[in-house]
Every structure is written in C-alpha cells, then in structure tokens.
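Working notes, structure below.
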Amino acid sequence: MSKKIDLNQSVYDITKTYPEVIDIMVNLGFDEIKKPAMLNSVGRIMTIPKGAKAKGISIPVIIAELIKNGFEITGNTELLKDYLKRLGNGEDLESVKKDFVKNFSDVDASEIMKAEQELIKEGTPITEVQKLCDVHSALFHGLTKEEKIANAEKAVEESLKKEEASEMKTMPDAYVRKHELAKALRETKGHPLYSFTEENERFSKEIADIRGALEKGEDVSKKISDFRQIATHYAKKGDLIYPLLKVRYEISGPSDVMWSVDDEIRDELAAIDKECNHDKEWIKRVQAVLTRADEMIYKEANILFPICAVNFTVEEWYGIYEDAKDYTLVYGIENRWEEAEKYIQDKKNRHEAAIYEGEIVMGGGHMSVAQLEAMLNTLPIEITFVDDNNINRYFNEGAKVFKRPGMANDREVFSCHPPKIEPMVRSIIESFKNHTMDSVPVWMEKQGKPFLVTYYAVRDKNDIYLGTVEVVQDMQFAKEHFTSIHD
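Here the sequence shown is numbered in our numbering, starting from 834 and rising by one per residue.
Written out as structure tokens, the structure is:
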C-alpha cells in the first residue's frame, strides 16, 4: 500500500500519520517542526505549500524529496482537475460548487490561484480554467465577505499568539495579514488601490442603476455606453498589475485567467452597445455581462488586491501610480498620492543619464550602446541632432534620401544648407531657443514621393534648450493607404 501525502492537509495531520516526515522536513530546513508546541499550534493550520512559501523553499524540491522517500503526492491540482473534468462533461455548476466548498473551505485564495497557474502550465485551456475561476469566486462570494475573512484570520492569529507568543515570530506575518494590508492601502488617499477601489465603487453603483432601469423597462443605452469606461479600469490592470505579478513574482493566475475575463467583459459590452435591437435576448446579455463585471469587482477586492498588497514594494506602487496618469480618467475620478509625488519628483531631480556597467542609464530605462545604435538605425526615419551651439552631433545610419555625409558632424548646421534655405533654418532654431515654438513640420516631395520633415526642440526636464532634432519620414505608405480607402 503506497504512502500518500495530501498537500491540502495540515503539517500536523501529515506527521501524525507519517512521523518520519518530520526528519525529512528538518533536513529540508523546517527546523520548527521538531518543536512539539509549534507543531501542535501553527502546524494545525500550516500546510506544506504555505510553509514552503514562508521559508522560501521550493515546492518541487520538497515534493522530489518526499517521492524519493516513498511517498505519493496528491493535493489541490488533482482535485481541481477533477472539478474541471466534471464541468467539461456538463455537470451542473452548483453541484460542483458544493463539493468545491466542502474540500476548499479552508484553503487560501492565493493557493487556489497557484493551482490554477499549474493547470495552465500543464496545458489546460484557459477557457476551462476560467470556469474554475468563477467557482472559486462563488466559494467566497456571499459566504464570507472581506471583513469576515480578515476577522477570521485575525482571530486565528490572536489565538495562536496566546498559545505560542514566543514562537509566532516564525509565522509569515504579511501572508496572514494580506487583507489587512490591502485595506490599509485602499484607505491611503491617492494610492493605486485607493483609486481602483473608488472606481469599483462607482461601477457597482452603475451596475445597480442599470439593473434598476431594466426592471422598470427603461432604455439603458446611454447607461451602457457610459459603463464602458470600465474598459479603462481593465486596461490599467492589464498593463500595470498583471504583468508585474506574472514576471516579477511568478504569479501568473491573474494574468492568465482574470485578464481573459476582463477582455471578454469589455468585448461583450462593446458588442451590446452597438446592437440596435434591444429585445429580450439583448436584455439577457446585458444582465449576464453585468453579473460578470460585478463578480470581477469582488475578485479584485478579495483575491487580486490582497495578492498585490503582499507582494508589491512601495517603489513598485509609486511606478504604478505614475504610469496610471497616462490613462483616461474613469468617471472623472482623479486622485493625488502626495507620498508618491514627492518620491517621483525627488527621483527626477536626482536622475542624470549615465554610463553604468557598460550601459547607458536613462530615465526610461537602460541599454547598451550597441542596442541604442541598432534601435536608432532600425527606425524608418532619418534623424539628425544639432546641439545648442548649432553643431551637428549625430546622424543615424542607413540609406537616406536626404544625404548626411559623416564629415558634416562637428560642423555648424548652417554650413550644410544652401544660402536660400539657411535663413529658414536659423529662424526655426531661434524660435526653439526663444521658446516661441516647439516643432515645425515641412511637407515636400522628393523622387516623386511625399516626405514629412519635422524639426523638434529638444529640452530637458527643466525646459532648458539642448538642441534640435530633424526627423525625415517617407509618407508614401500613408498616401497609398488612404488612396486605397477612398477608391
């Protein structure tokens, strides 16, 4: 008979069944498991995956060692696969949910998200995992609101402190307090989670408003159009939240599952908004997409935001705050995070482009000279840079319609133009230096093709003039494109 270890079981239960596991875990670095008091308190709620995360020990390493010692491993992933198979075979969602609640009622949301990630990595279609994501949400939604979850975790933590106050230093504090941490960030004026939550509160209000209007038989066309602002909220998550979780913290569940649901909600709202026939089927679609949007609001508050609160650094939140400024305001909601503003301004004041470890470090990132040169030469434009003393300093390489001899570098720019053009060039540069103009576009035809030559003033963060850049672009592609459209 094989020895089976279920990763959903507590460490206490596993070691009661298989005492030899204690020595195996000690050899892997879990020294606290030898302490009876610790095993009888924390061990009763700690699973191997949770302990691995707290100790920074790789789960595959632990599983490999257990298998080496004759154990067969079962756990979340196998159970989840079974649920997916049942859903795929057409079993009623409520029936699956009942078993899901029974088996996962004491499993942390982030653990389930991890299991979803594993399924995706193993090749399970994302559409199938999305079904599980909805079951996952249903498990918590309506059963344990955020405050109940936080209070329950707090109660467990307090009881453990009373029993083993001296040993509680080993508990992963941030992990236990994830909802508390998320709540604190949501209440910080201007913080990204503050803004996301404020937007969600508005979305919830609009969802209720649309539902009420539908019940009264009112036209909700304009309300649906306005509600589509949720697409901006989803875009910010997609650009600023999901990739950071996936790439830096290897938490790919939200990006693989939630992101797809976001896109589906956005696309369905767009399709509904364009539909002219507002029949019963249309109303049914509206109600369905509102339900999905409502569920996503809940998932963000109870799954996504706590995961972010535990993992993201303050500097990463500053970056998210700054990048979010590039997006259209949602319902005009705009918040200022003073702490981030000060950090960003201080960083700008400190920053100067520099060479570090063979790379050019700039405000927007860093790259080697070879990469920078190759990138500039790849752009389908001709570039000339003239410094603030009117001296040619740089031409990108490659075939050019407007020739740029290498020997022209380090010469005054006016010497490169014929007498009849020189006054115009002087006038443009002078207007840049005097801050009367920022750019000058010049359209012309050469070799039978249209070209756009644009001169731009180059200024630093303090608006000090550093030079002029000339950009030449062949616009034949645009001419052909718009000609074909009109034809």
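Ideal Cβ positions, reconstructed from N, Cα and C, are used throughout, including at glycine. These numbers come from a predicted model, not from an experiment.
Remark: three or more beta-carbon pairs, one from each stretch, lie closer than 8 Å, so the segment 1215 to 1222 and the segment 1285 to 1305 are flagged as touching.
Inter-residue distance for E927 and E1155 is about 43 Å (C-alpha atoms, whole angstroms).
Looking at the DSSP output, F1247 shares a beta bridge with no other residue. Fewer than three pairs of CB atoms, one per stretch, sit closer than 8 Å, so the segment 1166 to 1185 makes no contact with the segment 1041 to 1058.
Rounded to whole angstroms, the Cβ separation of S1028 and N1168 is 5 Å, and the two are in contact under 8 Å. The continuous beta strand (DSSP E) containing Q1306 extends over residues 1298 to 1307. If you ignore the 5 residues before and after F1138, its C-beta comes within less than 6 Å of the C-beta of A1015, L1026, all in its own chain and listed in chain order. With contacts defined by Cβ atoms closer than 8 Å, K1070 and D1096 do not form a contacting pair.
Contact check between the segment 1241 to 1248 and the segment 1271 to 1278: fewer than three CB pairs, one atom from each, fall below 8 Å, which does not count as touching. Where M1270 is concerned, there is no enclosing alpha helix (DSSP H), because DSSP gives it neither an H nor an E. In this structure, the CA atom of G923 is about 26 Å from the CA atom of R1099. Beta-bridge partners of M1195 (DSSP): G1198. Between T1217 and E1278 a beta carbon distance of about 20 Å is seen, past the 8 Å cut, so the two are scored as non-contacting. Taking a contact to require three or more Cβ pairs closer than 8 Å, the segment 1138 to 1147 and the segment 1076 to 1084 qualify as touching. Annotation: N860 to I866 spans about 11 Å, alpha carbon to alpha carbon. DSSP places R1226 in the uninterrupted beta strand (DSSP E) bounded by 1225 to 1228.
Shortest Cα-Cα distance from N1267 to any of W1276, K1282, G1281, V1291 involves V1291. Residues of the same chain with a CB within less than 6 Å of the CB of T1030, apart from the 5 flanking positions on each side, are R1019 in chain order. Under the three-state reduction of DSSP output, S835 falls in the coil class, being neither helix nor strand. Closest in C-alpha terms to N1182, from the list F863, D1293, H1314, G1023, comes D1293.
Looking only at S874, H1024, G956, the smallest Cα-Cα distance to W1170 is reached by H1024. Straight through space, the alpha carbons of G1231 and Q1280 are spaced by roughly 18 Å. Between the alpha carbons of M1091 and I1063 lies a distance of about 14 Å. Of the residues K1022, I1105, F863, the one whose Cα lies closest to the Cα of A887 is F863. Residue burial is scored here from C-beta neighbours: W1276 has fewer than 16 other C-beta atoms within 10 angstroms and is therefore classed as exposed.
Restricted to the segment 1002 to 1049, the alpha helix (DSSP H) segments that are unbroken, complete and at least 4 residues in length are 1006 to 1009, 1011 to 1019, 1025 to 1048, listed in chain order. When the five nearest sequence neighbours on each side are left out, the beta carbons in the same chain lying within less than 7 Å of the beta carbon of I906 are those of I838, L840, I896, L899, I900, in order along the chain. In this structure L1102 is buried. Its beta-carbon is surrounded by 16 or more other beta-carbon atoms within 10 angstroms.
With contacts defined as CB atoms closer than 8 Å, V1194 and H1066 fail to qualify as a contacting pair.
Taking C-beta atoms as the reference points, Y1151 and A1187 fail to come closer than 8 Å. For T1301 against F1265, the beta-carbon gap comes to about 6 Å, under 8 Å, which counts as contact. Here T1161 has T1065 as same chain residues with Cβ atoms under 7 Å from its own Cβ, once five neighbours each way along the sequence are excluded.
Annotated three-state conformation of I878 is coil, per DSSP. Distances from the alpha-carbon of I1040 to those of A1121, A1068, P1076, D1089 put A1121 closest.
Rounded to the nearest whole angstrom, the CA to CA distance from M1129 to H1199 is 36 Å.
Linking G876 to K836 through their CA atoms gives a straight-line distance of about 20 Å.
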